[in-house]
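Accompanying notes for the structure given below.
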Amino acid sequence: MKPPPLKDDCFAMPPGVDWTPVDDALAMLQKGLHCVTKAEAIDLMDAGGRVLAADVVAVRSNPPYANSAVDGYGFAFDCLDSNDVVELALVPGRSAAGGPFEGVVPAGKALRILTGARVPTGVDTVVLEEDCSVLGDAIAFRKGLKQGANTRNAGEDVLASDVVLTAGHVLRSQDIALLAAVGVGGVSVRRRLRVAVLSTGDEVVSVGQLATQSQIYDANRPMLLQTIREWGYEPVDLGHVADDPELVKAALERGAIQADAILTSGGASAGDEDHVSAVLGSRGAVQTWRIAMKPGRPLALALWDGVPVFGLPGNPVAALVCTLVFARPACAVLAGAAWQNPAGFDVPAAFSKNKKAGRREYLRARVRGGKAEVFKSEGSGRISGLSWAEGLVELSNEAQEISDGDLVRFYPYGSFGI
Ligand code: AMP
Ligand code: MG
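Each residue of the sequence shown is one higher than the one before, starting from 2 at the first, in this note's numbering.
The following block contains the structure:
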């Protein structure tokens, strides 16, 4: 017998095999997918996290009327003379937020005005109350103000009929505030994307059930269902099936009826018991990618009755990383949003590592004292490292000798929407 040289690296690239770089796989996904969700009209109050189906136009300007930015006294700038100290007689009354002054302020006089109050006719400038001396019904303050000081012009932020947000935008709290301010009470959004999750494996049992000595609890399904929830989609739980092609097939069939996309975990490789990739392959249109990524391979991608299926690896670390890197931007497109690239930043490494060439690597990491620490083990089954981490360090394809203090790219989990 003549066995091959020992490599002891399950991620080593066998010679002659085509490994798909992560960016190529992402580009293929981006090209192949489109929005699958219909539009529906909903109240702004219920629209958080939803994807806009159409551009939104401001019903009113923001601010809708010129108003004061401070508590003080309003007057017409043009009436000021060039004296060092300005003295103005006060007009009786005041302008308050929600209680405007309905009269006209004559040139050379001032009116008490409060923050947010409409600037009355005859006023274009406001002096801060802290800058004034008040004596009887007159005020005095030093010169130096500019015309329009301490006022906000009507429409200086947004003009009525401006497009404020465009189709595909995912509504966050701050967007809801903007839409409310410009008088938009309802929006057209995409129906929530339904994403189904299936676990596979003879050794896998649902938590809460009795596990034998040779069984493990299903960690992937609760993890992925929660991820989908956090992305603002509707999770569909397909449960767990054993490594049996008929059961896998039946589950995919259910999934294709109930959901717009399906995530499966386990059985995606080409091993004896890897029935997910085999079943997906039986319907054709399966693309099994040997992605040049660690952790990550294998990822099977297929259409089942027209529904995209992500056949994720069974290892929870690989399953989550593949989900964040591939399923997240893909689901965004299916949901009607734009392709999503995570936002990362460079931080000095608090570790050293000799990285091999030819694959992208993701390390479980967190930032402490301004430096990226990585989890003590790169083992793909070490779920505790996922929980320990606060994000991922991404190392690009080429071989690298990383030393303490070298800059590495860190993506907080938040940049993947979890
Ligand atoms: P597989 O991709 O099916 O070869 O599984 C790879 C590894 O992930 C094996 O050690 C499985 O036991 C484990 N695994 C598969 N599915 C799950 C799951 N749902 N939860 C936790 N571990 C899993
Ligand atoms: Mg398996």
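Even glycine gets a Cβ: it sits at the ideal position worked out from N, Cα and C.
task: Would you check whether the ligand MG has a heavy atom nearer than 7 Å to the C-beta of residue 315?
output: yes
task: Could you tell me whether the Cβ atoms of residue 199 and residue 116 are closer together than 8 Å?
output: no
query: Quick one: is residue 4 buried, meaning 16 or more other Cβ sit within 10 Å of its Cβ, or exposed?
result: exposed
query: Is the Cβ-Cβ distance between residue 50 and residue 233 less than 8 Å?
result: yes
field: Burial state of residue 261 (16 or more Cβ within 10 Å)
entry: buried
query: How big is the Cα-Cα spacing for residue 13 and residue 347?
result: At residue 13 the pLDDT is 49, less than 50, meaning the model places this residue with poor confidence and gives no usable figure here.
- prompt: Since residue 283 is in the alpha helix (DSSP H), which residue starts that stretch and which ends it?
  reply: 276-283
field: Paired residues, beta bridge with residue 53 - DSSP
entry: Partner(s): 190.
task: Between the Cα of residue 248 and those of 146, 279, 75 and 311, spot the shortest distance and give me the residue it belongs to.
output: 279
field: Alpha-carbon spacing of residue 31 relative to residue 391, whole angstroms
entry: If I take the Cα positions, the gap works out to 27 Å.
- request: Could you say which of 120, 109, 217 and 402 lies nearest to residue 99 if we only look at CA atoms?
  value: 120
message: Tell me the DSSP secondary structure of residue 136 in three-state form.
response: strand
field: Cβ-Cβ separation, residue 398 to residue 360 (assumed contact under 8 Å), whole Å
entry: Confirmed, about 6 Å.
- prompt: Would you say residue 25 touches the ligand AMP, meaning its beta carbon is less than 7 Å from a heavy atom?
  reply: Answer for residue 25: no, Cβ out of range of the ligand AMP.
- prompt: Going along the chain, which unbroken runs of the beta strand (DSSP E) with 3 or more residues stay wholly within the region 296-372?
  reply: 300-305, 308-313, 346-349, 354-356 and 361-369
field: DSSP state of residue 391 mapped onto helix, strand, coil
entry: coil
message: Classify residue 217: buried if its beta carbon has 16 or more other beta carbons within 10 angstroms, exposed otherwise.
response: exposed
query: Which term fits residue 11, buried or exposed, when burial requires 16 or more other beta carbons within 10 angstroms of its beta carbon?
result: Unreliable placement is indicated for residue 11, whose pLDDT of 47 sits below 50; the coordinate value is still reported in the next sentence. Classification of residue 11: exposed, given that the 10 Å Cβ count is below 16.
- request: Could you please give me the residues that DSSP links to residue 264 through a beta bridge?
  value: 198 and 311
query: Is it true that the CB of residue 190 sits closer than 8 Å to the CB of residue 310?
result: no
message: Any contact between the region 88-105 and the region 131-140? By contact I mean 3 or more CB pairs, one from each, below 8 Å.
response: yes
query: So, helix, strand or coil for residue 120, using DSSP?
result: coil
query: With DSSP run on the structure shown, which of helix, strand or coil describes residue 73?
result: strand
- request: Report yes if the C-beta distance between residue 58 and residue 163 is below 8 Å; otherwise report no.
  value: yes
message: For residue 299 and residue 337, what's the separation of their Cα atoms in angstroms?
response: Distance between the alpha carbons of residue 299 and residue 337 is about 27 Å.
- prompt: Would you call the CB atoms of residue 284 and residue 345 closer than 8 Å?
  reply: The answer is no: Cβ separation not under 8 Å.
message: Restricting to Cα atoms, I'd like to know which of 381, 292 and 332 is closest to residue 319.
response: 381
message: Taking 8 Å as the threshold (C-beta atoms), are residue 324 and residue 228 in contact?
response: yes
- request: Can you say whether residue 408 is buried or exposed, counting buried as having 16 or more other CB atoms within 10 angstroms of its CB?
  value: Exposed: under 16 other Cβ atoms inside 10 Å.
- prompt: In whole angstroms, what is the alpha-carbon distance linking residue 80 and residue 60?
  reply: 36 Å
- prompt: Does the beta-carbon distance from residue 301 to residue 312 come in below 8 Å?
  reply: For residue 301 and residue 312, yes; Cβs fall inside 8 Å.
- prompt: Nearest to residue 366 by CA position, among 393, 102 and 235, is which residue?
  reply: Ranking the options by Cα distance to residue 366, first place goes to 393.
task: Express the C-alpha separation of residue 388 and residue 36 in angstroms, rounding to a whole number.
output: 32 Å
field: Status (buried if at least 16 other CB within 10 Å, exposed otherwise) for residue 147
entry: Label assigned to residue 147: exposed.
message: Need the endpoints of the beta strand (DSSP E) that residue 401 sits in, please.
response: 401-403
field: Proximity test, residue 273 beta-carbon vs the ligand MG heavy atom, cut-off 7 Å
entry: no
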